[in-house]
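Working notes, beginning with the structure itself.
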Amino acid sequence: MEYSARKQQAFPSKETTLSYWIVEADDKLAKHRTTEKLPEEVDVLIIGSGFSGTSVAFNMLVEEKTEQKVLLLEARDVCSGATGRNGGHMRSYYHHDQYEFSQKYGQENAADIAMFEHEEINVVETLVKKYNIDCNFVRRTSYVTYDDPSLGKFGLRDYYSFLNNPYIDQKVKDQVKIVFDEQARKEHANTAFGVYTPTSSVWPYKLVCGLLEIAISKGLNLQTNTAVEELEYLEDSTWLAKTQRGNVHVGKVVVTTNAYTRALLPDFWGKIMPVKGVVSHLKTEVNKTLATNMIHTMPVEIDYISVRDDDSLIIGGGGQTYKTSPNREMMVDNADDSYFPEETRQYFVGYANRNYKSLADVKFVNDYTWTGCMGFTEDGFPFVGDLTAYGRPNMFISAGFTGHGMPRIFSCSKYLSELILGKKPTTSIPVPFKLSIERMSIVDSPYLDSLVEKCGTAPGLNCGCK
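Here UniProt numbering is used: the first residue of the sequence shown is 1, the next is one more, and so on.
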């Protein structure tokens, strides 16, 4: 396929599936345009109105109180990408992949990842309370099961690596509990052991719209349905952003396009790949639900369940249904979120009855089932930082969250906003998240290639951890 055709397929699709989070929320910002026409010139252009782009704008204008002109361009309706289509939970990894992280990055960096994500729940909860954002943020407990025995041994290895890491706060370790045998199977029968961890549930679309409203009141210019089709570097070290509504001359560009990054930055082919996930909303008229959120670890992709405050369930996963062709091609290396396999849709019908003892006889209705595009990377970590040293002066990026953005994005965006404003960051992010010569030199990714070829799973990484 010629590059021009590949590039066109890398942009967001015009049509999308209907997400519960978007359809059931207030749509006053959906097609918002702060001004009738695009400005001719701005100091900072942010591309993408998901949690990343919105958080960068919020941190710059509200927290940092910059007086610079900030423009946010969104290709479709507001927050119509991964954030508006995810599983509605903010789940930190804690023990997950701790052995691999310790081996590859050292115990201290592995601990930084666990502690960063643990603190991120506190950061977002504080943010929501401080600005009175109505987004159904609720503290919960998550129960992680290991339905495949071959993955169970990795889960135990990760748990004890987490427990024995001297750099992880003991108070955090005490919040992660392991149970075995019958105690592990009280609700879900197919596991030899399970791990309880802190987590939270949130309405992601409402969170983003709440932050956007505040940022707009502080000067943000938000323009929806305005796709940036090309970025041209100019001789004076600035950029020209080209759209069908006109061009904008910008001082600095911030790329927060996640799965769609390679459409604008061709050097990210091989670094960030779009991988779709499927999510379903299960409602019931009976006041009966699960006591905890659930994570079921299995090959290809986890299944995850987030309990809503109205007792409905959000269930995502179904990776077993697209391990092979033709379903695999619908989901992997595919940026079109207007469709997904019918087999995956059917996977979620009766899911709660099949899997949970307490819900075996409860009638559920799948009123929404949808898909969205995640941005996967070789190492599972996002690319966050200044691209100047990599041939793109005055350009910044926060993208490639591998379906695990909610417990990482806000502080990554805060860190990035300080870089954009020329400040020494007071917010720290884990070293593996940062740009490096090694990471930016990736051309072909064995892990991403394995996804395309056989929907393989990288060692220790269960794809689609929403």
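Just so you know, even glycine gets a beta-carbon here, dropped at the ideal spot from N, CA and C. Note that the structure is predicted; figures quoted are calculated from it, not measured.
Span of the beta strand (DSSP E) holding residue i?
i	result
E232	E230 to Y233
D181	Premise fails: D181 lies in the alpha helix (DSSP H), D181 to A184, not in any beta strand (DSSP E).
E40	Where E40 is concerned, there is no enclosing beta strand (DSSP E), given that its DSSP letter is neither H nor E.
F376	V365 to T377
K242	W239 to T243
Based on DSSP bridge pairs, tell me the residues matched to residue i.
i	result
R33	Q223
G84	None, per the DSSP bridge assignment.
L207	Per DSSP, none; premise fails for L207.
A399	F383
M273	F376
I47	L73 and V255
S201	H89 and V138
K218	Per DSSP, none; premise fails for K218.
K177	Y196
H249	E41 and L240
G316	V279 and Y304
Just reading off the alpha helix (DSSP H) that residue i is part of, what are its end residues?
i	result
A75	It is not in any alpha helix (DSSP H) - A75 carries neither H nor E in the DSSP assignment.
S428	No alpha helix (DSSP H) contains S428, which DSSP labels as neither H nor E.
V23	Y20 to V23
G155	P149 to L163
N327	N327 to M331
A263	T261 to L264
N334	Unbroken run through N334: none, as it is neither H nor E.
A360	Where A360 is concerned, there is no enclosing alpha helix (DSSP H), given that its DSSP letter is neither H nor E.
N353	Y351 to N355
I442	I442 -> no alpha helix (DSSP H), and no H or E assigned at all.
Is the separation between the beta-carbon of residue i and that of residue j shorter than 9 Å?
i	j	result
F193	Y160	no
V111	I178	Looking at the sequence provided, one finds Ala at residue 111 rather than Val. Against a cut-off of 9 Å, the Cβ pair of I178 and A111 comes out as no contact.
N258	R91	no
G375	Y260	yes
D134	K206	yes
S49	V78	yes
residue 472	R76	Since the displayed the chain opens at 1 and closes at 466, residue 472 lies outside it and no answer follows.
E117	P407	yes
G405	N86	yes
A263	T54	no
N136	S201	yes
Y94	V195	yes
Y304	G316	yes
V362	T284	yes
E74	T224	yes
E418	L290	no
residue 495	S413	Residue 495 is absent from the model: the chain starts at 1 and stops at 466.
T344	V278	yes
V250	V44	yes
A360	F383	no
Assign residue i to one of three DSSP states: helix, strand, or coil.
i	result
T191	coil
E453	helix
G405	coil
T54	helix
F383	strand
I168	coil
L132	Here residue 132 is Asn; the residue named in the question, Leu, does not match the sequence. Coil.
H96	coil
G106	coil
V62	helix
V123	helix
T388	helix
Y143	strand
P12	coil
P341	coil
I113	helix
Q346	helix
L419	helix
D267	helix
T321	helix
L435	coil
E213	helix
K28	coil
P446	helix
Task: Any beta strand (DSSP E) of 3 or more consecutive residues that is wholly inside the stretch 278-314 - done: Annotation: the stretch 278-314 contains the following complete segments of the beta strand (DSSP E) (minimum length 3 residues), in chain order: 293-297 and 303-307.
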